[in-house]
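Q: Residue numbers (this note's numbering): 14 to 67.
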């Protein structure tokens, strides 16, 4: 499993910068996912389904 930690301000949806980012400076986001090989297998399966029904 892969794990990544990013500062919380990178995940705030605030395109017009209407509010201060200070609120999110003390937060972090922890994200995890499957190994790359399992992810590739899943994407290949999705590709096969799309090809079959397109």
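Glycine is no exception: its CB is placed at the ideal position from the N, C-alpha and C atoms. Note that the coordinates shown come from a computational prediction; the quantities given were computed from them, not determined experimentally.
Is residue 42 near residue 19, with beta carbons less than 7 Å apart?
A: Yes, they are a contact pair.
Q: Locate the beta strand (DSSP E) running through residue 42, then write down its first and last residues.
A: Per DSSP, residue 42 belongs to the beta strand (DSSP E) from 41-46.
Q: If you draw a straight line from the C-alpha of residue 45 to the C-alpha of residue 63, how long is it?
A: Cα-Cα distance, rounded: 26 Å.
Q: Which residues share a DSSP beta bridge with residue 63?
A: Answer is none; residue 63 lacks a bridge partner.
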